[in-house]
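Below you'll find the structure, written out as structure tokens, and then a few comments.
Number of protein chains: 2
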Amino acid sequence: MAEPPIPKVSNPTGQGFLPGLAIDLVIFGFHEGQLKVLLLEYQNTDLFALPGGFIHTTENLNDAARRILVERTGLHDIYLEQFYVFGDYARYDAAKAPMTAIMRAKGLTSAEDHWLLRRFVSIGYYALVDFTKAIPTPDVLSDTCGWYDFVKLPSLMQDHGVMVQKALETLRISLDHNLISFNRWAAPLLPETFTMGELQNLYETILGQKLHRSGFQRKILGSEILERLEKKYSGGAHKAPYLYRFTPEKARS
Amino acid sequence: MAEPPIPKVSNPTGQGFLPGLAIDLVIFGFHEGQLKVLLLEYQNTDLFALPGGFIHTTENLNDAARRILVERTGLHDIYLEQFYVFGDYARYDAAKAPMTAIMRAKGLTSAEDHWLLRRFVSIGYYALVDFTKAIPTPDVLSDTCGWYDFVKLPSLMQDHGVMVQKALETLRISLDHNLISFNRWAAPLLPETFTMGELQNLYETILGQKLHRSGFQRKILGSEILERLEKKYSGGAHKAPYLYRFTPEKARS
DNA sequence: TATTATTGTAACAAATTGATACAATAACAA
DNA sequence: TTGTTATTGTATCAATTTGTTACAATAATA
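Chains A and B supply the protein sequences, listed in that same order.
For the first sequence, UniProt numbering gives the first residue as 1, with consecutive numbering after it.
For the second sequence, UniProt numbering gives the first residue as 1, with consecutive numbering after it.
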């Protein structure tokens, strides 16, 4: 984040950006059994899209992903991970109509050779946060920026639907591996301390299937990523569950 | 592979290519317990490098990877898979010296603003073949193109060493999943029919560790990817092993 | 007809996972 | 106080998978 963001609207030649290369973000949101995806709507269009953007000419790719997240959604300090590059030529044609509409809505000339209408290869990054803690704000290009239920996503621009699917596959495969990273930043998936039930609910929501309570507890406790704290008196008419927290980095082997 | 390859040497502006975007290939070669990597040496330099190249403006990314493989190594019909995008800005500086040397060796002007000296983001693809069946031929840019033992790789240009490491990690994690794909093309890792021992040797070489014979057999037979054929009379003073082949696609569930 | 090397598989132990059961409570209601 | 209820932590046992060892089968060769 070395450079100030270049206002995109007043950048008719795409100067300062790596040409032909974009980043798109699939930000999954979780809370109490719900899975959502962060989408934005371009002004005066009916198009839903993933937040995306371009890479500054002197910027690391991973830094660009983080910057784009901030600029387009207002969210910051979120753990992002690469998952795939989308580079079919057919993306180009698929992008023309929606991009022209977006530009027209913005009052931009949609000259045939405008840089935004050229072919782009897009690098996909994904993240997972608590959507009640990550309140997005639309940027200057977007009407809205908000959370949409995964089970009833609106249809998305271009190949963004494919991106979401591929990101979810990656997330499911690597949930164990990335859980702590996802949780260490702003908008963590779980509060500082949480119950085993809350953690299991997170797993079940992401994986889209029920897990056996006993086996889950055994697996998680066996992995030694958790530290048990005092009990939580929830007010419910039942035994109070223990609270846990992720073992601080320094204390792990 | 719609377009004829553009001779790179006589392309002083990089026309016809997506700017700033490259593909680099980590081609692993296996044979009888040895693991190798395909490297090339640029003319009149001491630089070893991964085969790489650029993407035509109307070409699918995955097609570009296959074309680059053919153009730079002469190998064709090999299953390639994306594994990571290398996009740190520091790659830029790291590339300057070697690229200048390569260009000078080629008699090219190394003007500061030459397109090859600009910043590139590189998409990594990897593959796994039998290096005795995949005989590479150097292209017009390279002195040599050949197989190098993984355990004593020469030091590589720019961040190509990091790429090899990352590719191997990916290969190890997804060997089960991609084995049949790697084997279905030219230069398959195993002959049409092979013994269980040969398959186990492949696994041990890629994973870099010994596996228990009994357990390996159980796992592989249990996965039902193999069909047992007649025995192989090897000439050795011992019981003849069965031959196997991968179950043809159509016969699998 | 032994000998040797290697293979296929059985056999058993050890470890992991799946399923069920049950004791231990917080809160609440009688 | 004393049930009642819901939920948690864990024990228990079964089922499955994995790790290890053992052994019979058997080509080539001496």
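A virtual CB, placed ideally from N, CA and C, is assigned to each residue, including glycine.
Please compile the residues from chain A whose C-beta is within a distance smaller than 9 Å of the C-beta of residue i.
i	result
Ile123(B)	Val85, Gly87, Val121 and Ile123
Run through DSSP, which three-state label would residue i get?
i	result
Glu3(B)	Here the model assigns Glu3(B) a pLDDT of 40, short of 50, so the residue's position is not dependable and the matter cannot be decided.
Ala39(A)	Note that residue 39(A) is Leu in the sequence shown, not Ala. Of the three classes helix, strand and coil, the one that applies to Leu39(A) here is strand, per DSSP.
Gly16(B)	coil
Phe48(B)	strand
Gly107(A)	coil
Asp77(A)	coil
Val140(B)	coil
Asp159(B)	coil
Gln34(B)	strand
Arg91(B)	helix
Lys210(A)	coil
Trp185(A)	coil
Glu59(A)	coil
Asn11(B)	coil
Glu71(A)	helix
Ile102(A)	helix
Ile220(B)	helix
Arg66(B)	helix
Glu112(B)	coil
Ala134(A)	coil
Leu202(A)	helix
Where DSSP assigns a beta bridge to residue i, which residues make up the other side?
i	result
Arg245(B)	Glu227(B)
Gly146(A)	Leu39(A)
residue 259(B)	Residue coverage of chain B in this structure runs from 1 to 253, which leaves residue 259(B) outside it and unanswerable.
Ile123(A)	Ile23(A) and Val85(A)
Phe54(B)	Ala22(B)
Leu168(A)	Leu168(A) is not bridged to any residue.
Gln236(A)	The amino acid at residue 236(A) is misidentified as Gln; the sequence shows Gly. Answer is none; Gly236(A) lacks a bridge partner.
His177(A)	None, per the DSSP bridge assignment.
Val129(B)	Gly29(B)
Phe194(A)	Tyr244(A)
For residue i, go through chain A and note every residue whose CB falls closer than 7 Å to its CB, in chain order.
i	result
Leu21(B)	Gly20, Leu21 and Val121
Quick one: which chain B residues come within Cβ less than 7 Å of residue i?
i	result
residue 254(A)	Since the first and last residues shown for chain A are 1 and 253, residue 254(A) lies out of range.
Below 8 Å on C-beta distance, what does residue i contact in chain B?
i	result
Gln82(A)	Tyr84 and Val85
Is the separation between the beta-carbon of residue i and that of residue j shorter than 8 Å?
i	j	result
Tyr203(B)	Leu171(B)	no
Val147(A)	Thr13(A)	One detail in the question is off: residue 147(A) reads as Trp in this sequence, not Val. Not a contact, by the Cβ cut-off of 8 Å.
Ile27(A)	Leu38(A)	yes
Ala187(B)	Val129(B)	yes
Ile227(A)	Thr247(A)	Reading the sequence as shown, one finds Glu at residue 227(A) and not Ile. A contact, by the Cβ cut-off of 8 Å.
Gly52(B)	Ser122(B)	yes
Tyr233(A)	Phe194(A)	no
Gly87(B)	Pro19(A)	no
Gly124(B)	Ala64(B)	no
Thr45(B)	Ala101(B)	yes
Val85(A)	Val85(B)	yes
Leu40(B)	Thr109(B)	no
Glu81(B)	Asn178(B)	yes
Leu47(B)	Ile55(B)	no
Tyr42(A)	Phe182(A)	no
Leu190(A)	Glu198(A)	yes
Met196(B)	Gln209(B)	no
Thr57(A)	Arg213(B)	no
Closer than 7 Å to a non-hydrogen atom of the ligand COA - does that hold for the CB of residue i?
i	result
Ala187(A)	As for the ligand COA, it is missing from this structure, which has no ligand bound.
Item to complete: Tell me, please, whether the region 231-248 of chain A touches the region 63-79 of chain A by the rule of three or more beta-carbon pairs shorter than 8 Å.
Response: Too few Cβ pairs lie closer than 8 Å, so no.
Worksheet item: Contact between the region 149-165 of chain B and the region 87-105 of chain B: three or more CB pairs below 8 Å?
Response: The region 87-105 of chain B and the region 149-165 of chain B touch, with three or more beta-carbon pairs separated by less than 8 Å.
Worksheet entry | Sufficient close CB pairs (3 or more, under 8 Å) joining the region 29-39 of chain B to the region 210-227 of chain A | no
Worksheet item: At a cut of 8 Å, does the region 177-196 of chain A reach the region 132-141 of chain A through at least three beta carbon pairs?
Response: yes
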